[in-house]
Structures are given as C-alpha cells and as structure tokens.
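What follows is a short report on a single structure.
Protein chains in written order, with my numbering: chain A, 981 to 1172; chain B, 35 to 287.
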C-alpha cells in the first residue's frame, strides 16, 4: 500500500472520527440557560467541606490508625480515604469545569474575543484533563499516596477566595448571570 | 440510471428551495445545487457529442468540476457563517482558525502526493475537497467546544457537504491513481454518495427556514476583558497544583 494512500485514508479516517465525536451530545449536558443559579453555586464548591477533607487526608490520622486498628479496619479506612480523595479530585475538576463553562459563555456572548486567551484556555484544559486522568489512574492503582492530595485543599480555599474577589470587582454578578441565562436561551446554547 | 436519479433529485431539491423560499436563507447552497444540475446536464451533452474518453470531454469535465468545487466552497462558507455569525467574537476567531486549517490541509495535500503533472488536476481537486471537509469538522468542533446548538438544518447541510467531500477525497485517491479498472464502479459509488447527500439536504430543507433566526443581546466588551484573564489565571493555578502532585510523584519514582 502506498504512502499517499495511507496518508489520505488516514486523514479522512481521523476527520470522520473527530466529526463523530463532535456530533455526539455532550455527556454532562447541564443546560445553563435553564438554571442561572450555576454562577452562584460554583462559589460554594467543596470549600464548605475543607476541614473534613483535610482530616480525612491527614497523614497523622492514618499513622494513628495503623498502630491501633485491625488490618480489616485499616483496609476499610484506606478504601474510604481513596473514595474521599477521588471525590475531592472530582470536585476540583468540577471547579475547573465551572470556570471553563463561565469563560466559554462569556466568550460566546462577547462582541470581541482575544485569540490568545482562548488558545491559552484550550491549552490549560488539555493539560488539566491529562493530569487529572493520570493522577486519578495513579490513585486507583495505588501509585500515588493519598497524603499528597492534602496540599490541594489549600489551593481550593485560596482559589475560591480569589475568585470571589474577582467576581466582586465586577459588581454585577447577578445581573450578568441573568443576562447570560437569557442571552443563552435566546441564542440556543448548551453550557457544556 | 444513477446519473438521471441524481439530476432529478437535484432538480427536486432546487424546486423545494424555491417553494419554501429557502434560497433566500441559503443563496450559496442554492447556487451550488443549481451548478450541479447544470453541470450534469452539460456533461450529458458533452459526452454524447465527443464521447466519454475524448480530450475535449476530459477538459470540459475538469473545468466544470472546478466550478462545482468553488460553488461548494462558497456554500460551506455560507454554512460556517450561519453556524457562528450570531456570535461575533467567536465568529471572528473561527474565521482565522478555519482559514488557517484549510491552508494547512492544502499544504498537507501538496506534501503528501508525488508530484506528477498529469495528476495535477485530481491532486488539486482532492486538496480542495480535503480542505472543505477539514473546515467543516473544525466548525463542528468549535460548536461543541463553545456549547453552541446550530440549527438542525445547518447541521445536516454541513454534514452532507463534509461526507461527500470525504468520499471524493477517497475517490480521487483510489480511482485516479490505483484502480483504473474500477473507474466505473467508483463513479457509481460517487454518485450514490452524492445521492445520499442530496436526500439528507432535501430532508433538512423540507420546511421553510425563514424567520427562524433569533437575535440575542451581547454582553458589554468589558465583561470579557475583565473575566477572561482572571479565569485563565485560576485555571492556571489549578493546573499548577495538579502539576505539583504529578511532578512530586514522578520525582519520587
């Protein structure tokens, strides 16, 4: 089979696969247009549960248990901690996606967008998705110690506070949310 | 037989465009269908006069093909505009990206072939078709990335144009280079592919599209300018922290 044939058939096959993917309905098809509360909700995120998450991931807590509890209990605790870590990672991803959603909606409804910002966001999204999947995979296979996730809780609280400040700078969050929701309804948009 | 069916379906689609007044919404697409019907009729006469294998027929065939591809490109531009022009910021960005993608694909097509002058026309044709298909796929990616819901008619028209262009690329690659013996079969398959596209377009345009466009208000420019950099900064922070976990883990091993 000649190289030309492979190059063109390969290219068309890739195009068709990408087309099929692009035509699929997004998995998390939460329609922002019908629920403008998402902007307020995203600020609540998992910071409400920070103390519990910190405790669940604390290394000292686990050391204490490993000395006193039976092997079965330790296994159960390890399993539960893994679930907490995964849920936490998922919540971080939720935060990331909320920000992403907001950025996309604002971009779509803006009369002008900067290519640099949009491509930077695309790059960050790809990077985050890759790292998220790798870390999750490592957690599931036991290659990443849970204690390493503890540092993330600082990030979440810091992030939330800074975003809150940024939102206040605008001073019209509710108005923007309502505007976004109504504009999206008028324009027929999904918030994916 | 298939030629007659395609021409009849093309005429029916033109009539449908006229009756439903959709030619006002899709002038370029209507022109493309019109060109197809005219080209089919012209080629029928040309082949009758000079035969299928004559040089005159070959030249006229490729000349009409050039017109058809240009008309298809214009129809694709129209569909792209209908997909995104309601969102001026995104549309301005998409125009640059689509042109860049089409240019890169043309370059790819040029690099991917062995340069033989006798195959110059099929090569150019294939490059244009590939660029059209790639532009439509990128358009769908744009719509998905930004969570836009294009009208189902626009989606169907774009899908038909993309699939037919993909088929033509494969057709040009195989029949013009490797399988001369199967030229008739491939010609038939191409007509079947075009017929399928015609059916898809006819179904999509069965209703009038007039008055379906809804205009919405845009946000003030300042909203994007103040939010976009801040959000990117937050996304970068999240990435940095995930990176810390990842890097420490990699270092540990």
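For each residue, glycine too, the CB sits at the ideal point set by N, CA and C.
Measuring only the C-alpha atoms, how far is residue 1013(A) from residue 1084(A)? Here the question's residue 1013(A) lines up with position 33 in the first chain. Here the question's residue 1084(A) lines up with position 104 in the first chain. Residue placement at residue 1013(A) is flagged as unreliable, the pLDDT there being 42, under the threshold of 50; the coordinate-derived value follows with that caveat. Taking the straight line from one Cα to the other gives about 13 angstroms.
Using 8 angstroms as the cut-off, can you tell me whether the stretch 117-126 of chain B makes contact with the stretch 171-179 of chain B, which would need three or more C-beta pairs spanning the two stretches below that distance? As far as the Cβ criterion goes, the stretch 117-126 of chain B touches the stretch 171-179 of chain B, which means the pair count is three or higher.
Contact residues within the stretch 180-200 of chain B, judged by C-beta distance below 7 angstroms to chain A: Taking 7 angstroms as the Cβ-Cβ cut-off against chain A, the residues of the stretch 180-200 of chain B that qualify are 180, 181, 182, 183, 196, 200.
Evaluate contact between the stretch 249-260 of chain B and the stretch 58-78 of chain B, counting only Cβ atoms and requiring at least three cross-stretch pairs below 8 angstroms. Result no; under three Cβ-Cβ pairs closer than 8 angstroms.
Flag this pair as touching only if the stretch 1047-1066 of chain A and the stretch 76-94 of chain B have three or more C-beta atom pairs under 8 angstroms; answer yes or no. no
Under a three-way DSSP split, which group does residue 182(B) fall into? Residue mapping note: residue 182(B) aligns to position 148 of the second chain, counting from 1. DSSP places residue 182(B) in strand when its eight states are reduced to three.
Inter-residue CB distance, residue 996(A) and residue 200(B) (contact presumed, cutoff 8 angstroms): Translated into the one-based positions of the first chain, residue 996(A) becomes position 16. Translated into the one-based positions of the second chain, residue 200(B) becomes position 166. Between residue 200(B) and residue 996(A) the Cβ distance is about 6 angstroms, and since that is below 8 angstroms, they are a contact.
Since residue 1093(A) meets chain B, which of its residues come closer than 8 angstroms, beta carbon to beta carbon? For this step, residue 1093(A) is matched to residue 113 along the first chain. Under the 8 angstroms cutoff, chain B gives 123, 124, 126, 127, 258, 262.
If you follow the alpha helix (DSSP H) that residue 57(B) is in, where does it begin and where does it stop? To locate residue 57(B), count along the second chain from 1; it is residue 23. Note, residue 57(B): premise wrong, no alpha helix (DSSP H); not H, not E.
Residue 984(A) CB to nearest chain B CB: under 8 angstroms? Along the first chain, read from residue 1 onward, the residue named residue 984(A) stands at position 4. Chain B, which has a Cβ nearer than 8 angstroms to the Cβ of residue 984(A), makes this yes.
Count the CB pairs spanning the stretch 264-272 of chain B and the stretch 1072-1080 of chain A that are closer than 8 angstroms, and state whether there are at least three. yes
What's the call for residue 986(A), buried or exposed, on a 16-neighbour Cβ count within 10 Å? Counted from its first residue, the first chain places residue 986(A) at position 6. By the neighbour-count rule (16 or more Cβ atoms within 10 Å), residue 986(A) is not buried but exposed.
Three-state secondary structure assigned by DSSP to residue 1093(A): Within the first chain, numbered from 1, the residue matching residue 1093(A) stands at position 113. The answer is coil: DSSP assigns residue 1093(A) none of H, G, I, E or B.
For residue 64(B), which three-state DSSP category applies? As a first step, residue 64(B) must be located in the second chain, where it is residue number 30. The answer is helix: DSSP assigns residue 64(B) an H, G or I state.
Buried versus exposed, by CB contacts within 10 Å (16 or more), residue 1063(A): On the first chain, position 83 is the one that residue 1063(A) refers to. Counting Cβ neighbours within 10 Å, residue 1063(A) comes out exposed, since fewer than 16 surround it.
Tell me, to the nearest whole angstrom, how far the beta carbon of residue 239(B) is from that of residue 56(B); I am working on the premise that it is less than 8 angstroms. Mapped onto the second chain, residue 239(B) falls at position 205. Mapped onto the second chain, residue 56(B) falls at position 22. Contact holds; Cβ gap of about 5 angstroms.
Beta carbon proximity, residue 265(B) to chain A, threshold 8 angstroms: Along the second chain, read from residue 1 onward, the residue named residue 265(B) stands at position 231. It does; some Cβ of chain A falls within 8 angstroms.
Chain B beta carbons: is any one of them nearer than 8 angstroms to that of residue 1064(A)? Along the first chain, read from residue 1 onward, the residue named residue 1064(A) stands at position 84. No, residue 1064(A) lies away from the interface with chain B (no Cβ there is under 8 angstroms from its Cβ).
Extent of the continuous alpha helix (DSSP H) to which residue 99(B) belongs: The sequence position of residue 99(B) within the second chain is 65, counting from 1. Counting along the chain, the alpha helix (DSSP H) containing residue 99(B) begins and ends at 89-118.
When burial is assigned at 16 or more other CB atoms within 10 Å of the CB, is residue 59(B) buried or exposed? Position 25 of the second chain, counting from 1, holds the residue named residue 59(B). By the 10 Å Cβ count, residue 59(B) comes out buried.
Residue 1175(A) touches chain B at which residues, Cβ-Cβ below 7 angstroms? For chain A, the structure presents residues 981 to 1172; residue 1175(A) sits outside this window and is missing.
Rounded distance between the beta-carbons of residue 1111(A) and residue 277(B), thought under 8 angstroms: By one-based count along the second chain, residue 277(B) stands at place 243. By one-based count along the first chain, residue 1111(A) stands at place 131. Going by Cβ atoms, the distance from residue 277(B) to residue 1111(A) rounds to 6 angstroms, so yes, they are a contact pair.
Does any C-beta atom of chain B lie closer than 8 angstroms to the C-beta of residue 998(A)? Numbered from 1 along the first chain, position 18 holds the residue referred to as residue 998(A). Answer yes: the Cβ-Cβ gap between residue 998(A) and chain B drops below 8 angstroms somewhere.
Just the Cα atoms here: how many angstroms apart are residue 165(B) and residue 146(B)? The residue labelled residue 165(B) in the question sits at position 131 within the second chain. The residue labelled residue 146(B) in the question sits at position 112 within the second chain. Rounded to whole angstroms, residue 165(B) and residue 146(B) show a C-alpha spacing of 14 angstroms.
Just to confirm, are residue 168(B) and residue 135(B) a CB contact at a threshold of 8 angstroms? Mapped onto the second chain, residue 168(B) falls at position 134. Mapped onto the second chain, residue 135(B) falls at position 101. Yes. Within cutoff.
Is there at least one Cβ from chain A nearer than 8 angstroms to residue 243(B)'s Cβ? For the purposes of this step, residue 243(B) is taken as residue 209 along the second chain, with counting starting at 1. Output row for residue 243(B): interface = no.
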